[in-house]
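Novice: A single structure is presented below for examination.
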Amino acid sequence: MVWDRSYSVAPGWKTVVPLLVRSDDLDLSCAVIAVKQVADEQHVRWERFGLLRECITHPTPIPEYYDIPPAVFDRDQFIAALDDFRREIGLRMEWDLP
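Counting in numbering that gives the first Met the number 0, the sequence shown runs from 0 upward without gaps.
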């Protein structure tokens, strides 16, 4: 689920992406540092940083946001970095070719 949300970069798409989770709470049921991710044709923007106190699987999770400046990434570089990391750890997604 975290990977699916991270790759949600279709232009106009907005989603909450978990960034940091305690190792003993990998089910994402605890407080999770998350970002509101927004994408357009050229950029992926981590628009707001916050703390998610409800389960990330909730249909519309609502983090408690903080006054932290956004981070902006080149869309192609963002996707390439995710792809590189997945290759490094040997993680395949259902959309990967055999």
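The beta-carbon is built from N, C-alpha and C at its ideal position, and this holds for glycine as well. What you are looking at is a predicted structure, and each value in this text was computed from that prediction instead of being measured.
Judging by CA-CA distance, which residue of Asp82, Ala79, Val16, Asp3 is the nearest neighbour of Pro62?
Specialist: Val16
Novice: Report the start-end ranges of each beta strand (DSSP E) in the segment 57-86 that is 3 residues or longer and not cut off at the edges.
Specialist: 63-65, 70-73
Novice: From the DSSP output, in three-state form, read off Arg44 for me.
Specialist: strand
Novice: In the DSSP assignment, find the beta strand (DSSP E) that holds Val34 and state where it starts and stops.
Specialist: 31-38
Novice: How many whole angstroms separate the CB atoms of Val43 and Phe77, which I take to be in contact at a CB cut-off of 8 Å?
Specialist: 4 Å
Novice: Could you check if Trp45 is buried or exposed, using at least 16 other CB atoms within 10 Å of its CB as the buried criterion?
Specialist: Buried.
Novice: With DSSP collapsed to three states, give me the class of Val20.
Specialist: coil
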